[in-house]
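Written out below as structure tokens is the structure these notes cover.
Protein chains: 4
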Amino acid sequence: MVIIFKQNTEKSEIEKIKRAIEGDGCETTVSHGKDYIVVGVIGDTSKVNIERIQANENVDKVVRVQEPYKKAGRHFHPQDTIVDVDGSKIGGKRLAVIAGPCSVESEEQIVEIAKRVKQSGANFLRGGAFKPRTSPYSFQGLELEGLDLLKLAKKETGLPIVTEIMSADFIDRFVEDVDVIQVGARNMQNFTLLKELGKTRKTILLKRGLSATIEEFLMAAEYIMSEGNENVVLCERGIRTFETYTRNTLDLSVVPAIKKLSHLPVIIDPSHAAGMWWMVEPLAKAAVAVGADGLMIEVHNDPANAKSDGQQSIKPDKFDEIMKKVRAIAEIEGKQV
Amino acid sequence: MVIIFKQNTEKSEIEKIKRAIEGDGCETTVSHGKDYIVVGVIGDTSKVNIERIQANENVDKVVRVQEPYKKAGRHFHPQDTIVDVDGSKIGGKRLAVIAGPCSVESEEQIVEIAKRVKQSGANFLRGGAFKPRTSPYSFQGLELEGLDLLKLAKKETGLPIVTEIMSADFIDRFVEDVDVIQVGARNMQNFTLLKELGKTRKTILLKRGLSATIEEFLMAAEYIMSEGNENVVLCERGIRTFETYTRNTLDLSVVPAIKKLSHLPVIIDPSHAAGMWWMVEPLAKAAVAVGADGLMIEVHNDPANAKSDGQQSIKPDKFDEIMKKVRAIAEIEGKQV
Amino acid sequence: MVIIFKQNTEKSEIEKIKRAIEGDGCETTVSHGKDYIVVGVIGDTSKVNIERIQANENVDKVVRVQEPYKKAGRHFHPQDTIVDVDGSKIGGKRLAVIAGPCSVESEEQIVEIAKRVKQSGANFLRGGAFKPRTSPYSFQGLELEGLDLLKLAKKETGLPIVTEIMSADFIDRFVEDVDVIQVGARNMQNFTLLKELGKTRKTILLKRGLSATIEEFLMAAEYIMSEGNENVVLCERGIRTFETYTRNTLDLSVVPAIKKLSHLPVIIDPSHAAGMWWMVEPLAKAAVAVGADGLMIEVHNDPANAKSDGQQSIKPDKFDEIMKKVRAIAEIEGKQV
Amino acid sequence: MVIIFKQNTEKSEIEKIKRAIEGDGCETTVSHGKDYIVVGVIGDTSKVNIERIQANENVDKVVRVQEPYKKAGRHFHPQDTIVDVDGSKIGGKRLAVIAGPCSVESEEQIVEIAKRVKQSGANFLRGGAFKPRTSPYSFQGLELEGLDLLKLAKKETGLPIVTEIMSADFIDRFVEDVDVIQVGARNMQNFTLLKELGKTRKTILLKRGLSATIEEFLMAAEYIMSEGNENVVLCERGIRTFETYTRNTLDLSVVPAIKKLSHLPVIIDPSHAAGMWWMVEPLAKAAVAVGADGLMIEVHNDPANAKSDGQQSIKPDKFDEIMKKVRAIAEIEGKQV
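Residue numbers (numbering that gives the first Met the number 0), protein chains in the order written: chain A, 0 to 336; chain B, 0 to 336; chain C, 0 to 336; chain D, 0 to 336.
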């Protein structure tokens with residue numbers, strides 16, 4: 000961390016801040032320029048209270064050099080993390096493909112879709128049981144019954160289950176029944192939930208918040224990891240921008256950015272990003288080409304009657320077609336599906 | 000709701016959608032243009048599954064005419080709501096002024112600040128006990144001990160307490176001890192929490208999410224109200240934009256917008272919006288001039304040593320000065336402090 | 000400027016950059032920390048090529064301490080600038096009120112509106128002759144004929160004319176006929192045009208670009224001023240954000256921000272910001288309360304038949320009403336209309 | 000176009016708007032619902048003044064069905080446009096690769112880079128002669144001398160020249176010397192310039208504005224095309240969002256969107272989007288996978304001493320490496336480099 004003080008700051012003011020920083024276990028060095036005074040801070044600065052320093056009227060700028068995350072950062076963990084979900088890997092040389100409907104609607108629906116996506120090469124089944132919906136009057140999911148149906152589909156196909164948790168209330172059921180627990184974009188900074196999930200050892204699929212910076216995204220992962228759970232997979236699903244043609248704007252540059260900053264696997268959800276089924280194919284291909292560790296795709300056997308997200312769901316035949324193209328690009332990237 | 004079908008849509012496709020809509024209890028009218036076919040939907044469209052209609056390939060556009068919220072909307076509730084917190088009103092002719100520190104830090108701190116802000120004219124005391132922080136390594140609040148200290152400060156000053164809840168875990172304690180329960184920006188779409196709060200009869204101060212549209216903001220209020228709790232106060236605290244000079248961009252146009260769309264009171268938090276103490280005064284004055292029902296301001300007796308948000312906190316003397324100016328503008332607006 | 004090098008940077012690399020900076024006329028100081036090396040740069044850094052330094056693989060971060068603008072900045076020009084337009088002032092104790100139609104449409108229209116807004120207290124007349132329209136098929140303005148009509152209205156009322164220039168082609172006519180030359184939001188970074196206007200001594204009303212940061216806004220002013228024309232007035236007219244309820248999001252915090260960073264006057268255009276006539280009043284009041292030096296308001300005698308911007312134009316009677324309220328707030332702020 | 004009137008609108012008001020629309024050459028149909036009245040507008044609605052309709056207090060919403068662009072739209076021009084630049088094609092089965100330095104700096108520099116990028120497979124040479132820079136104190140380009148140097152490089156390599164025009168002043172020189180005239184992001188809505196370029200028959204490379212919607216982007220193309228020049232190539236180069244880790248956020252979904260809405264070719268500039276050289280490779284690959292018709296990449300033989308954009312420029316060896324990977328993905332997409 001580097002603190003830039005204004006030119007005429009009195010020594011006593013600088014001393015006060017130096018002492019506070021040293022009290023947090025860091026060392027400082029001071030150098031006097033003509034126009035400003037620079038204080039360098041050395042050591043683990045993650046505990047230094049930046050806001051308190053910024054609150055000082057003599058401080059012009061505070062610049063962090065170290066990233067604020069430790070467990071999620073690549074600095075102390077240079078090798079890529081490969082998360083192991085009962086043998087199915089996310090990260091590394093195998094492309095993770097998570098497919099399935101937005102919502103679990105019935106046994107017939109989820110089992111049928113699970114079989115179809117497995118045939119096409121998916122290695123995880125998604126399906127929402129608890130659904131965060133903008134309107135309280137929209138379908139809110141089958142809830143616990145949905146979890147039961149997902150288990151049936153897993154029994155039929157062997158595909159591990161990915162499904163979203165909306166609060167810590169049912170965390171024991173999720174730990175028991177679910178293979179990968181998803182935290183949705185709207186809960187990315189539900190810190191209470193993140194801490195509880197950090198106490199489990201389940202794989203957590205953490206979706207980027209609608210307007211979360213990359214740093215905030217990694218800090219949300221840090222919340223989970225700081226409690227001891229290092230099985231975190233990041234998922235970009237589009238950010239909110241001024242453009243309204245697409246539901247959200249898919250930020251694919253997040254993949255190389257996270258690969259540089261972090262060791263965690265990162266996957267892409269083109270369905271939620273675009274919000275239109277016909278964009279899923281090109282965006283899925285781009286995601287693989289940009290280096291993503293996996294894809295999360297909404298597939299429905301009857302989109303026109305889906306209880307949610309019909310407009311962005313593709314049919315199983317289309318999914319099969321996309322998988323063929325994705326496979327070809329993955330091979331160029333040295334990855335297998 | 001108006002549905003615009005593409006020119007060559009077959010009658011059977013239109014019939015299918017008409018039947019689905021009529022199944023949701025609405026009526027439809029069809030008119031054929033040269034370039035497109037328009038289906039008007041009449042009745043309570045809040046239960047119609049728009050996504051399902053959009054998923055139909057023949058549909059060009061779906062346009063809502065009615066707003067999707069009912070309880071939060073002004074349509075069925077034309078008069079302004081005035082929320083009553085044990086005699087202290089929010090909404091109407093009295094400007095609500097909520098002031099206090101970002102975090103409760105000690106008895107001495109919270110009581111001292113409470114007394115000072117009361118003297119200057121604040122009618123509610125704010126103070127964070129549970130703190131949502133970007134970093135897991137930052138101060139997370141005194142938690143339940145913080146609630147106890149707030150109660151002491153209330154005992155000393157009589158000021159009703161406003162404090163943030165971060166999950167439904169401690170909802171009983173909050174209902175017992177707190178006068179206004181705040182839902183922070185990061186939890187604006189924590190629907191599980193909203194529903195639980197909807198089951199209480201406490202006043203809920205709902206902060207706008209960082210990237211929530213006005214419609215999503217009102218739909219979050221609708222979540223609370225649809226469970227039976229109509230004591231909702233909305234709070235704008237800045238939205239996330241490309242501009243980084245300010246912490247967030249305060250969107251004051253939200254006040255006239257919400258006054259048009261909804262009957263709920265709306266207040267402004269200039270401290271979080273700007274993120275810099277010296278901007279609080281001009282933004283507070285603008286908030287009153289634009290028609291806000293109240294202000295929420297961070298006041299600290301020692302900002303340079305505050306455990307959080309020091310850079311945006313003002314000192315009690317400055318708060319006193321601001322209140323004088325705010326009072327003058329409030330009078331022009333026909334309001335009292 | 001402070002440059003932070005990575006820990007293991009070789010001395011020769013640092014020397015190379017030091018020499019380049021010293022070649023640009025600045026001095027440097029180096030201090031070695033354990034985790035990084037800090038090079039402080041002292042002197043006029045506005046000519047240092049930051050991108051070149053950032054291109055060096057050993058450089059971790061480059062932090063500017065000085066602002067990149069000089070003539071527009073308050074640092075070397077501490078007193079507020081008051082622009083004098085043939086006796087009418089912008090800045091200081093008098094609130095500038097610029098009112099008139101979006102487009103000049105006819106002699107009758109512009110003269111009638113000019114008379115009405117003058118009566119209500121406007122001290123400048125606006126009216127578009129050259130209109131930047133999103134569609135080539137929309138009304139593009141009366142062009143040079145529009146300038147003639149504005150001159151007629153000025154002759155009738157004495158109000159100085161504010162109108163937009165769209166390219167340097169007609170700059171001589173504008174210098175001859177117009178009192179304040181407006182640069183629209185879309186041309187804020189039309190650097191060729193800015194430089195040409197910098198060579199005149201006319202007052203330039205520079206509108207903030209739709210997605211321009213405050214720094215970019217001031218740098219656009221610097222373009223004009225660096226050519227010798229210091230008569231620049233800044234105008235905030237809403238920025239583009241994710242919110243679509245309003246046409247743009249009015250960023251009122253820009254007023255205190257610019258007052259801190261710059262000595263130039265700054266005014267607010269609530270009409271373009273909101274895009275809805277009924278929001279003009281509350282936003283105009285807020286603009287005065289936040290400390291703006293003036294207002295720019297679209298007034299039309301027949302909005303429902305206006306050739307452009309009818310939805311955001313107010314009628315003369317409404318303008319008169321708004322002026323009364325604005326005047327009351329201006330007085331509290333120590334300003335006169 | 001569909002106009003939704005409020006429930007109690009008087010017939011005379013609706014008649015007034017009907018007559019205005021019919022005066023613009025369109026037909027109307029009226030249907031009365033219980034809650035609202037819908038007026039459908041049929042015909043070429045591009046000349047209908049929407050703002051005037053929205054200004055009517057009885058109008059609730061105006062919904063466009065037709066897109067507002069005609070020449071740029073796919074509706075009246077279903078086949079993909081392939082632009083022919085003296086035999087070099089943009090669009091169709093050949094991937095256009097435009098490479099070269101940000102700024103032309105010297106004969107040696109531009110000729111050397113031109114040779115290197117040609118060897119690696121580039122089929123166009125880029126190089127800035129007139130440079131739009133945020134600061135008036137930054138290098139502004141060699142201007143006309145830069146054009147001369149580009150011609151030399153073309154003579155040596157045969158590569159057609161792509162370079163940016165900043166105002167209509169030098170349009171004759173550009174038409175004479177340049178093969179593809181680039182309009183930069185900041186000038187995307189410099190309508191005067193667009194119209195002048197529309198009068199030439201040169202290929203225009205139109206970059207998307209920093210905060211331009213897809214519709215505004217296509218309307219800017221329409222400005223050029225409406226004057227008669229149909230040789231337009233669109234270029235996405237990143238949009239402005241809240242994320243600051245990357246210089247801009249590359250919006251790759253624009254490629255399938257434009258392919259659906261328009262027949263014009265669309266290429267991607269990963270260098271300006273990311274602003275960091277190490278992101279160029281993954282984003283270039285993603286651009287080809289998503290279906291772009293070409294790439295525009297900044298290549299410099301000495302980025303650490305480049306006069307501009309050094310931090311995002313790659314070296315010729317790296318460009319060669321990227322081209323190999325891009326070629327492999329292009330082949331899967333059925334395209335050649």
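Cβ atoms here follow ideal geometry from the backbone N, Cα and C, with glycine treated the same way.
Quick caveat, the model's predicted, so the values are computed rather than measured.
Closest Cα partner of residue i within the set the options
i, options, result
"D:A305", "D:N7, D:V64 and D:G127", "D:G127"
"B:D268", "B:G91, B:S261, B:A256 and B:V287", "B:V287"
"D:V1", "B:R125, B:K198 and B:V61", "B:V61"
"A:R18", "A:R51, A:I164, A:Q335 and A:K88", "A:R51"
Distance between residue j and residue i (C-alpha atoms, nearest Å)
i, j, result
"B:F138", "B:P302", "15 Å"
"B:K259", "B:R73", "7 Å"
"D:L192", "D:G91", "28 Å"
"A:Q108", "D:Q53", "45 Å"
"D:T340", "D:H31", "One cannot answer for residue 340 of chain D here, as it falls past the ends of chain D, which runs 0 to 336."
"B:T28", "B:V40", "7 Å"
"A:M295", "A:D308", "14 Å"
"D:L251", "D:K314", "24 Å"
"A:D316", "A:Q310", "16 Å"
Under 9 Å by beta carbon: chain B residues contacting residue i
i, result
"A:Y244", "What A:Y244 touches in chain B: nothing, since even the nearest Cβ is about 12 Å away."
"A:T27", "Under the 9 Å cutoff, chain B gives no residues; its nearest Cβ is about 17 Å from A:T27."
"A:E221", "S134, P135 and Y136"
Residues that residue i contacts on chain A, provided the C-beta gap is smaller than 9 Å
i, result
"B:G90", "What B:G90 touches in chain A: nothing, since even the nearest Cβ is about 23 Å away."
Own chain, CB closer than 6 Å to residue i, minus 5 neighbours either side, in chain order
i, result
"A:I321", "E280 and A283"
"B:H299", "P100, A305 and S312"
"A:R246", "G274"
"C:V110", "A152 and E155"
"D:A256", "I213"
"D:N230", "V82 and T202"
"C:S270", "V279, I296, E297 and Q311"
Per-residue contacts from residue i into chain D (C-beta, under 9 Å)
i, result
"A:I267", "Those do not exist, as A:I267 stays about 10 Å from chain D at its closest Cβ, beyond 9 Å."
Close-in-space but distant-in-sequence residues of the same chain around residue i (CB under 8 Å, 5 per side omitted)
i, result
"C:E332", "V287, A288 and G290"
"D:F75", "K69"
Contact list for residue i against chain D, beta-carbon separation under 7 Å
i, result
"A:I213", "E242 and Y244"
"B:Y35", "V64"
"A:L263", "Ordered by position in chain D, no residue passes the 7 Å Cβ test against A:L263, which lies about 16 Å from the chain."
7 Å Cβ cut-off: residues of chain C touching residue i
i, result
"B:V289", "P281, L282, K284 and A285"
"D:N304", "R51"
Interface partners of residue i on chain B, CB under 7 Å
i, result
"D:S270", "Going along chain B, no residue has its Cβ under 7 Å from D:S270, so there is no contact; the nearest lies around 20 Å."
Contacting residues, own chain, Cβ-Cβ under 7 Å from residue i (five flanking each side not counted)
i, result
"B:V84", "P159, D178, V179 and T202"
"D:K194", "Y222 and E226"
"A:A167", "T191, L192 and E195"
"D:G328", "Reading off the sequence shown, one finds Ile at residue 328 of chain D, where the question assumed Gly. If we look at D:I328 and ignore the five residues flanking it on each side, its Cβ neighbours are K284, V287 and A288."
Neighbouring residues, chain A, relative to residue i (Cβ below 7 Å)
i, result
"B:R239", "S210"
task: Spell out a yes or no on whether the region 156–171 of chain D and the region 94–111 of chain C are touching, meaning 3 or more CB-CB pairs, one atom from each, closer than 8 Å.
output: no
- prompt: Can at least three beta-carbon pairs, one atom from the region 131–145 of chain C and one from the region 210–224 of chain D, be found at a separation below 8 Å?
  reply: yes
- prompt: Do three or more CB pairs link the region 249–266 of chain B to the region 222–240 of chain B at distances below 8 Å?
  reply: yes
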